[in-house]
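Everything on this sheet refers to the single structure shown next.
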Amino acid sequence: MTIKQGTDKTRKGLIFNIQKFSLNDGPGIRTVIFFKGCPLRCAWCANPESQRKKTEKMFDEVKNCSTIVGKYKTVSELMKIIMQDKDFYDESNGGVTFSGGEVLFQAPFAIKLAEAIKARGIHLACETTGFAKPEVFNEFYKYMDLVYFDCKQWNPVLHKKGTGGTNELILKNMQTLVASGRKYCIRIPVIPHFNYTNEDAKQFGKLFRKIGVTEVELLPFHQFGLKKYTELGREYELKNVAQLHAEDLLEYQKRLQEAGVKVKINGW
Numbered sequence: 001m002t003i004k005q006g007t008d009k010t011r012k013g014l015i016f017n018i019q020k021f022s023l024n025d026g027p028g029i030r031t032v033i034f035f036k037g038c039p040l041r042c043a044w045c046a047n048p049e050s051q052r053k054k055t056e057k058m059f060d061e062v063k064n065c066s067t068i069v070g071k072y073k074t075v076s077e078l079m080k081i082i083m084q085d086k087d088f089y090d091e092s093n094g095g096v097t098f099s100g101g102e103v104l105f106q107a108p109f110a111i112k113l114a115e116a117i118k119a120r121g122i123h124l125a126c127e128t129t130g131f132a133k134p135e136v137f138n139e140f141y142k143y144m145d146l147v148y149f150d151c152k153q154w155n156p157v158l159h160k161k162g163t164g165g166t167n168e169l170i171l172k173n174m175q176t177l178v179a180s181g182r183k184y185c186i187r188i189p190v191i192p193h194f195n196y197t198n199e200d201a202k203q204f205g206k207l208f209r210k211i212g213v214t215e216v217e218l219l220p221f222h223q224f225g226l227k228k229y230t231e232l233g234r235e236y237e238l239k240n241v242a243q244l245h246a247e248d249l250l251e252y253q254k255r256l257q258e259a260g261v262k263v264k265i266n267g268w
């Protein structure tokens, strides 16, 4: 994929949040840029305001006020914000992380922003579903120093049922990433009634062994996004599903480790 200079898709990106001084989205102190829009519709999504690639309103009944979510930003505008904390990145071995939504849903703009960030010697990471055409992913990931890559289901039918899309492109891009030698971490959001059985862990292990994945992080299901669905006026399908905790995933972790994979449980 070749990005044309000055096109509408490279000139501005739709951003719904900028989190400064983050310590949980990569090494060191980081600025996290949240891209709005995602091609998937995961039933458990904790950031439902990130899904639609357009501005929208969230209404807080307690405060009795609305908030507009999503604002178009240029590379220059974002770089001014990013560079404010350059000293902190340098001192902590930190940097910038692209999150979402799905950053690949705005790949032309994200690549232009990545070029500007790397030109200033800043460490760059991303969190991605990997759901994109291979030619898009191949151009994008080369700017990344670290890629957090979600793998939600090993079974293509179940993947589509739970996310709205198949895992064919995701697995292809994962294979490319692993073979590239780029630093990565494959992450599994472990969701009850979707991928939380011992058989799921076993099948993930087989898949990772085949692809050559060596490092995995398990993300226990949580309900942090529940309030957002109410504020958006949307129904949340998993509102009555109990949260998982790190200790709930010990057996799951063991099954994956049997496949020769290094497994970390988030929060453990």
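Just so we're aligned, residue 1 is where the sequence shown starts under the UniProt record's numbering, counting upward by one. A virtual CB, placed ideally from N, CA and C, is assigned to each residue, including glycine.
For my contact list, Ala-107 and Ala-132 are in at a C-beta cut-off of 8 angstroms; report their separation, rounded to the angstrom. Numbered from its first residue, the sequence shown carries residue 107 at position 107. Numbered from its first residue, the sequence shown carries residue 132 at position 132. Between Ala-132 and Ala-107 the Cβ distance is about 7 angstroms, and since that is below 8 angstroms, they are a contact.
Are the stretch 186-195 and the stretch 212-232 touching, with three or more C-beta to C-beta distances below 8 angstroms? yes
Enumerate in chain order the residues of its own chain whose CB-to-CB distance from Asn-167 is below 7 angstroms, with the five nearest sequence positions on each side excluded. As a first step, residue 167 must be located in the sequence shown, where it is residue number 167. Residues Gln-153, Pro-156, His-159 of the same chain have their beta carbon placed closer than 7 angstroms to that of Asn-167, with the five preceding and five following residues left out of the count.
Quick one: using the 10 Å Cβ neighbour count with 16 as the cut-off for buried, is Cys-45 buried or exposed? The count along the sequence shown starts at 1 and reaches residue 45 at position 45. When all chains shown are included, Cys-45 counts as buried.
With a threshold of 8 angstroms, are at least 3 pairs of Cβ atoms found where one atom belongs to the stretch 58-77 and the other to the stretch 92-99? Contact between the stretch 58-77 and the stretch 92-99 is absent, because fewer than three Cβ pairs lie under 8 angstroms.
Just how far apart, CA to CA, sit Phe-35 and Ala-259? Stepping through the sequence shown from its first residue, residue 35 is reached at position 35. Stepping through the sequence shown from its first residue, residue 259 is reached at position 259. Distance between the alpha carbons of Phe-35 and Ala-259 is about 34 angstroms.
Rounded to a whole number of angstroms, what is the C-alpha to C-alpha distance between Val-69 and Ile-33? As a working note, residue 69 is residue 69 in the sequence shown. As a working note, residue 33 is residue 33 in the sequence shown. Distance between the alpha carbons of Val-69 and Ile-33 is about 14 angstroms.
Entirely within the stretch 144-228 and at least 3 residues each: give me those beta strand (DSSP E) ranges in chain order. 146-150, 184-190, 215-220
Does DSSP put Asp-90 in a helix, a strand or coil? If you number the sequence shown from 1, residue 90 lands on position 90. Helix, per DSSP.
Could you name the residues that DSSP lists as bridge partners for Ala-125? Position 125 of the sequence shown holds residue 125. In the DSSP output, where bridge partners are listed per residue, Ala-125 has Thr-97, Leu-146.
In whole angstroms, what separates the C-alpha of residue 270 from that of Phe-149? With the chain covering only 1 through 268, there is no way to say anything about residue 270.
Are the C-beta of Ile-29 and some C-beta of chain B separated by less than 8 angstroms? Among the protein chains of the structure shown there is no chain B, as only one such chain exists.
Please classify His-123: is it buried, with 16 or more other beta-carbons within 10 angstroms of its beta-carbon, or exposed? By one-based count along the sequence shown, residue 123 stands at place 123. By the 10 Å Cβ count, His-123 comes out buried.
May I ask you to report which of helix, strand or coil DSSP gives Asn-64? The count along the sequence shown starts at 1 and reaches residue 64 at position 64. It is coil, neither helix nor strand.
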